[in-house]
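Enquirer: Supplied in structure tokens, the structure appears directly below.
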Amino acid sequence: MWRVAAAGDRALLVTVGTTIDPALLGQVLALDRALQDRRPSGLLGTVPAYASLLCHYDPAVTGADRLEETIHQLEGTVEAAIPSGAVVDVATRYDGPDLPQVALKTNLTPARVVEQHAGQEYLVYCVGFAPGFTYCGALPDEITVPRLASPRLRVPAGSIGIAGRQTGIYAVDSPGGWNLIGRTALRLFDPSADPCTRFKPGDRLRFVPIP
Amino acid sequence: MIEVIAGGRWTTIQDRGRPGLERFGIPPGGAADWFAARVANELVGNLPDAAMLECTATGPTLRFDVDRIVAVTGGQVDSAGWQAVRVARGSRLAIGTIAPGLRTYVAIRGGIDVPAVLGSRSFCQLGTFGGGFGRPLAAGDRLPIGRMVGHEPVVEPWPPSHRLPLPGPWEVRVIAGPQTDAFASDALGRLSATACRVRPDIDRMGLRLESPGLRLQSQEILTVPMTAGAIQVTPSGGLIVLHVDHQTSGGYPGIATVISADLALLAQARPGDTVRFRVVDPAEAARAARRLTDWLHTES
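Residue numbers (the numbering used here), protein chains in the order written: chain W, 1 to 211; chain L, 1001 to 1300.
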């Protein structure tokens, strides 16, 4: 059952679930596409993340009730599927400052942490927080660690971090609380490019260790 | 051309921002006190999308090399506010200390004509792009003036009855949601019964508030998209009210969301000010928004 809640007087948040699950992302992306096709009057834009979709609207044109009704009409009728695309290789130098701590906390050797992190494909669940920041999941249980107790004030662009069952790539220098295990030279955000980010939700990627 | 003699504490170029790019992680941005900014453009006869200066706490000093019509609105400064004035060629405009209020807007007839990035001239702090220089203004910067003019400057000062109150304590209206149900059933009631104090570490991304005795319990949730006005509760019970340059997604639950009309008010809250939240329904939020747009339309 989709849950629709007010996010202020100009947006609704549709929540389809509370876990990191490709099927839930599939529902979010399907709803997103359906709304873009249907273009309900007053809908200004949408923002997908993991298992929820934020819908900005113009209250002078439509009411929250009307938009909510449209969303509920789409529930169960949209085809929940993640578009299949090529898997993008992210060349990764695993020399992050938190790699030794992650190894300690997980009772693994650093080499084994890298093997686990680089050993599977990931789905992009969200681009958000800061420009181009790419949230991916889900991490293998063996390398699940909590966020840092106190976030860093500045994490350099290209840093690759892990937190809980998520792994993410910082696209711009920003504050951050994830455990940094590596970095990539891949440019994830370019304000002069179209689209301005390298990834979008539903994309697939793989971290490829480089010396 | 206008030359920056002193940059001030944190002066950035802002327009109406770049809403609609949140899915790329880009905050909507734009003037934090959108109402004062809108009035400033109106007074000098600019189009609503023209870019201006947003000054914070201490404003810049500018030197004009041609006659310009200027309007200063928002937080109070020494120079004549809320009216279009002529600044003569060769003279200086010193904004100085801002109080009461925190943010002052300086609109110049024609608008500041720096290149638009992703559809806006606004400086984006999270991405360090836009705003002409990719940073706040500094001494020596030169500001080109454009032609984004829609009508003649307004002759009369903007009526005080059609401005938002400047000194706190602030009563800020909120709508429940989106994650009110992640909290105890009495949490929202307790939040609205508590006076919160604005902490020193505030910026365009958000305001941190302290509320001794409130101690709301919350847990991190799966990352969700965020809006300006969201009142996030951190696991330690701290409150963060997101503002225009907010992170576009996050994992702290939002107990309530400030209505769009009162985001302008909150942009003027200073560290140490008292903020109280009052829960309203969507109908009252709509009336509050209509009141501000009516003010803009009756005066223009």
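Here a beta-carbon is modelled for each residue, glycine too, at the ideal position from N, C-alpha and C.
Where does P1189(L) sit, in a helix, a strand or coil, going by DSSP?
Expert: Contrary to the premise, residue 1189(L) reads as Gly rather than Pro in this sequence. Looking at G1189(L) - three-state DSSP - the assignment turns out to be helix.
Enquirer: Quick one: which chain L residues come within Cβ less than 9 Å of D37(W)?
Expert: Chain L residues near D37(W): none, gap ~17 Å exceeds 9 Å.
Enquirer: So, at 6 Å on beta carbons, what are the nonlocal neighbours of G1017(L) in its own chain, with the 5 sequence-adjacent residues on each side left out?
Expert: So the qualifying residues of the chain are P1028, G1029, G1030, S1120 and S1122.
Enquirer: Considering only DSSP beta bridges, list what R1092(L) is partnered with.
Expert: Answer is R1063(L).
Enquirer: Note down, in chain order, every chain W residue with its Cβ under 8 Å from the Cβ of V1258(L).
Expert: The contacting residues are G8.
Enquirer: For S1218(L), count neighbouring C-beta atoms within 10 Å of its own C-beta (all shown protein chains included) and say buried if the count is 16 or more, exposed if not.
Expert: Per the 10 Å Cβ criterion, buried.
Enquirer: Anything in the segment 1035 to 1046 of chain L with a Cβ closer than 7 Å to a Cβ of chain B? List those residues in chain order, please.
Expert: Absent here is chain B; the protein component of the structure consists of chains W and L.
Enquirer: Around the Cβ of H1151(L), are there at least 16 other Cβ atoms within 10 angstroms (buried) or fewer (exposed)?
Expert: H1151(L) should be labelled exposed.
Enquirer: Can you tell me whether DSSP reads D1033(L) as helix, strand or coil?
Expert: D1033(L): coil per DSSP, three-state reduction.
Enquirer: Whose C-alpha, out of G1132(L), G1096(L) and V1241(L), is nearest the C-alpha of A1306(L)?
Expert: Past the boundaries of the shown model lies residue 1306(L); chain L is included only from 1001 to 1300, so the question cannot be answered.
Enquirer: Run through chain W and tell me which residues come within less than 7 Å of V1117(L), C-beta to C-beta.
Expert: Under the 7 Å cutoff, chain W gives P191.
Enquirer: Against chain L, which members of the segment 172 to 199 of chain W pass a CB distance test of less than 8 Å?
Expert: Answer set for the segment 172 to 199 of chain W: V172, D173, S174, F189, P191, S192, P195, C196 and T197.
Enquirer: For chain W, is any of its Cβ atoms less than 8 Å away from the one on V1244(L)?
Expert: Answer no: the Cβ-Cβ gap between V1244(L) and chain W never drops below 8 Å.
Enquirer: Can you name the residues of chain L whose CB is closer than 7 Å to the CB of T167(W)?
Expert: What T167(W) touches in chain L: nothing, since even the nearest Cβ is about 13 Å away.
Enquirer: Quick one: using the 10 Å Cβ neighbour count with 16 as the cut-off for buried, is G76(W) buried or exposed?
Expert: The residue in question, G76(W), is exposed, as its Cβ has fewer than 16 Cβ neighbours within 10 Å.
Enquirer: Give the DSSP bridge partners of W1170(L), in chain order.
Expert: DSSP, once it has assigned bridges, lists V1275(L) as partnering W1170(L).
Enquirer: Rounded to a whole number of angstroms, what is the C-alpha to C-alpha distance between A11(W) and V1172(L)?
Expert: Taking the straight line joining both Cα atoms gives about 18 Å.
Enquirer: Which residue marks the beginning of the beta strand (DSSP E) containing V1233(L), and which one marks its end?
Expert: Its beta strand (DSSP E) spans residues A1230 to V1233.
Enquirer: In terms of residue numbering, what span does the beta strand (DSSP E) encompassing D1245(L) cover?
Expert: Note, D1245(L): premise wrong, no beta strand (DSSP E); not H, not E.
Enquirer: Which ranges does the beta strand (DSSP E) cover as unbroken runs of at least 3 residues, wholly within the segment 1098 to 1178 of chain L, from first to last along the chain?
Expert: Listed in chain order, the complete beta strand (DSSP E) runs (minimum 3 residues) inside the segment 1098 to 1178 of chain L are 1103 to 1108 and 1170 to 1176.
Enquirer: In the DSSP assignment, find the unbroken alpha helix (DSSP H) run with D32(W) in it and report its ends.
Expert: Run containing D32(W): P22 to R38, per the alpha helix (DSSP H) assignment.
Enquirer: With distances taken from CA atoms, which of T18(W), N179(W) and P156(W) is nearest S150(W)?
Expert: It is N179(W) whose Cα lies nearest to the Cα of S150(W).
Enquirer: List, in chain order, every chain W residue whose beta-carbon is nearer than 7 Å to that of G1177(L).
Expert: The contacting residues are A5, A6 and A7.
Enquirer: From L1047(L), V1244(L), S1236(L) and L1164(L), pick the residue whose C-alpha is nearest to that of G1020(L); which is it?
Expert: Cα-wise, what sits closest to G1020(L) is V1244(L).
Enquirer: Note down the Cα distance separating A1286(L) from D9(W), rounded to an integer number of angstroms.
Expert: Roughly 7 Å separates the two Cα atoms.
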